[in-house]
Amino acid sequence: MPTFDTRPRRRLSTAAALAGSALLLTGCGITDDSGSSSEPAHDYTVDTEAAVKDSPIWTEADDAAMLRIGVPFDQPGLGYLSAGKTVPAGFHVEIGSLIAGRLGFAAHQITWVDASADPASLLEGDQPAADLLIDTDGQPIEGLDPEPGTDATASAAETTQAGDEASELTEGSATEDTTAEDTEIPADLAGPYHLGGQALLSPAASGLAQFSELTDQQVCALPDSPGKQAVEEETTAEVVERDTLSDCTAALAAGEVEAIVGADLDLQALAAQDPQALTLSENRLRPAGYWIRMRTEDPALAEAITEGIASAADDGEWEHAVEAAFGSDVEMSPPPTP
1 MPTFDTRPRR RLSTAAALAG SALLLTGCGI TDDSGSSSEP AHDYTVDTEA
51 AVKDSPIWTE ADDAAMLRIG VPFDQPGLGY LSAGKTVPAG FHVEIGSLIA
101 GRLGFAAHQI TWVDASADPA SLLEGDQPAA DLLIDTDGQP IEGLDPEPGT
151 DATASAAETT QAGDEASELT EGSATEDTTA EDTEIPADLA GPYHLGGQAL
201 LSPAASGLAQ FSELTDQQVC ALPDSPGKQA VEEETTAEVV ERDTLSDCTA
251 ALAAGEVEAI VGADLDLQAL AAQDPQALTL SENRLRPAGY WIRMRTEDPA
301 LAEAITEGIA SAADDGEWEH AVEAAFGSDV EMSPPPTP
């Protein structure tokens, strides 16, 4: 039975990588234009008839006509507040706006709370600062790790049928069929809004598209990270450790390494800056779910959020969120319904 490890993960410093890395100044051609909009790039559907009456969080937000959502303000492509702007921009902002709309809150009824420094603290205490937190750290899904070279995310999207069918997150790997009822999801989580894992980022000219293509290349990874473990255990490539993603991108720009391994959303934010120069691997290792955290256990709200994400996947708004954040050339599969 798969379980979800909700321990805090070491976050990759995407902001530093985009803003300060030598990669921005060399042949990879990255420029930071994230956060150029003062509002979410897509106008999401607002369900004016939405009512989650059994939810204390929703009821309080509805009474206040305001939903407070925590997102990072320092991660270009994911959640970034540009100088002079009042609303952050990025994939997490798009997802938050999408979910708010499904819950009946328009863009002007969202208060964005900075979750850059200590996200968990926003949901703690007698007077928490946020109602929801768009979790930026993928939580490892234990027991569903694919065989080397298989794609956890694509397989999940292809084989999951909404609601109660078994979810096969690997192709050809020996795992038990798992229904939504069997999956152990902490009661303060809703979603996931994205099912990802560890990916490879490399120069497009390298032609590197799969983990299985790694032989004797040098791959940059953070110490004690899931990506480092995946490369060491499932490939013959050499791991080069750096303390931050910024250091890894500098090493890639200098030709000291041939690829970076890390969480796919963090690397997608980098690749989206110039998809002609950088490419993300087609497959993922070490499956991880990205969730919506609620300030307290709220089953009714969790169900409403999860259903909202599923309906957005069906009607195309989830894809609009991806395009708004990363561009039209990026292909990402909607998450399977738990």
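If you're matching positions, the sequence shown starts at 1 in the UniProt record's numbering and goes up one per residue.
C-beta atoms are modelled at their ideal positions from N, C-alpha and C, and glycine is treated no differently.
- Query: DSSP on A206, reduced to helix/strand/coil?
  - Reply: In the sequence as presented, Ala is not what sits at residue 206; that position holds Ser. Reduced to three states, the DSSP call for S206 is helix.
Check: With DSSP run on the structure shown, which of helix, strand or coil describes P334?
Finding: In this structure, DSSP gives P334 a state outside helix and strand, which the three-state scheme calls coil.
Which runs of the alpha helix (DSSP H) at least 4 residues long sit entirely within the region 210-250? Give them in chain order.
Fully enclosed alpha helix (DSSP H) runs of 4 or longer: 226-234.
- Query: Leaving out five residues before and five after G27 in sequence, what residues of the same chain have Cβ atoms less than 6 Å from its Cβ?
  - Reply: A caution first: G27 carries a pLDDT of 42, below 50, which makes its placement in the model unreliable, though a value can still be read off. Taken in chain order, the list of residues that qualify is empty.
Taking contact to mean 3 or more Cβ pairs, one atom from each stretch, closer than 8 Å, check whether the region 189-205 and the region 285-300 are in contact. Between the region 189-205 and the region 285-300 there are three or more inter-stretch CB-CB distances shorter than 8 Å, so the stretches are counted as touching.
Quiz prompt | Whole runs of the alpha helix (DSSP H) within the region 52-126, excluding any shorter than 4 residues | solution = Contiguous alpha helix (DSSP H) elements confined to the region 52-126 occur at 56-64, 91-102, taking only those with 4 or more residues.
* Hey, could you find the ends of the beta strand (DSSP E) T306 is sitting in? => Run containing T306: none in the beta strand (DSSP E); it sits in the alpha helix (DSSP H), 299-315.
Pairing CB atoms from the region 197-217 with CB atoms from the region 231-239, are three or more of them under 8 Å? yes
Problem set entry | When L201, V46, T86, I309 are compared against R284, the one with the closest alpha-carbon | L201
Check: With 16 other CB atoms within 10 Å as the buried threshold, where does Q75 fall?
Finding: Label assigned to Q75: buried.
Exercise. Look at the alpha carbon of Q218 and the alpha carbon of E258, and state the distance between them as a whole number of angstroms.
Key: Distance between the alpha carbons of Q218 and E258: 6 Å.
**Asked** Going by DSSP, which residues form a beta bridge with H194?
**Response** Y290
Query raised in the report: Excluding five sequence neighbours on each side, which residues of the same chain lie with their C-beta closer than 7 Å to the C-beta of residue 340?
Result: Examination of residue 340 is not possible in this model, given that the chain is present from 1 through 338 alone.
Practice problem: Compute the distance between the beta-carbons of G138 and F326, then report whether it is under 8 Å. | Solution: no
- prompt: Since V261 and Q198 are thought to touch, with beta carbons under 8 Å apart, how far apart are those beta carbons, to the nearest angstrom?
  reply: 6 Å
Check Q268 in the structure and name its three-state DSSP category. helix
(request) Taking only the alpha-carbon atoms, compute the straight-line gap between V71 and D114 and give it to the nearest angstrom. (result) 6 Å
Own chain residues within Cβ distance below 6 Å of A65, not counting five before or after: Q109
Q) With burial defined as no fewer than 16 other Cβ atoms inside 10 Å of the residue's Cβ, what is the status of E124: buried or exposed? A) The residue is exposed, with fewer than 16 neighbouring Cβ atoms inside 10 Å.
Practice task
Could you round the C-beta distance between I309 and I99 to whole angstroms and report it? I think they count as a contact, below 8 Å.
Solution key: 7 Å
Status (buried if at least 16 other CB within 10 Å, exposed otherwise) for S55
buried
- Task: In the DSSP assignment, find the beta strand (DSSP E) that holds A259 and state where it starts and stops.
- Result: 259-263
Q) Is A130 helix, strand or coil when you go by DSSP? A) coil
- Item | Beta-carbon gap between I57 and T279 smaller than 8 Å | no
Notebook entry, point to check: Using the C-alpha atoms, what's the distance from A51 back to A271?
Noted result: Rounded to the nearest angstrom, the two C-alpha atoms are 39 Å apart.
Which value, in whole angstroms, describes the spacing of the CA atoms of D264 and E282? Computed Cα separation, rounded: 10 Å.
Decide if T306 is buried, meaning its Cβ has at least 16 other Cβ atoms within 10 Å, or exposed. buried
C-alpha distance - T244 paired with S121, whole-angstrom precision: 23 Å
Whole-angstrom C-beta distance between A187 and D131, which should lie under 8 Å:
So it is not a contact: roughly 16 Å between Cβ atoms.
Going along the chain, which residues of its own chain have a beta-carbon closer than 6 Å to the beta-carbon of D298, five neighbours each way excluded?
-> S55, I57
On a CA-only basis, which of C220, S328, S246 is nearest A237? Give me that one, please. C220
Can you name, in chain order, every residue of its own chain whose Cβ lies under 6 Å from the Cβ of A313, other than the five neighbours on each side? P334
Give me the Cα-Cα distance between R68 and M332, rounded to the nearest whole angstrom.
27 Å
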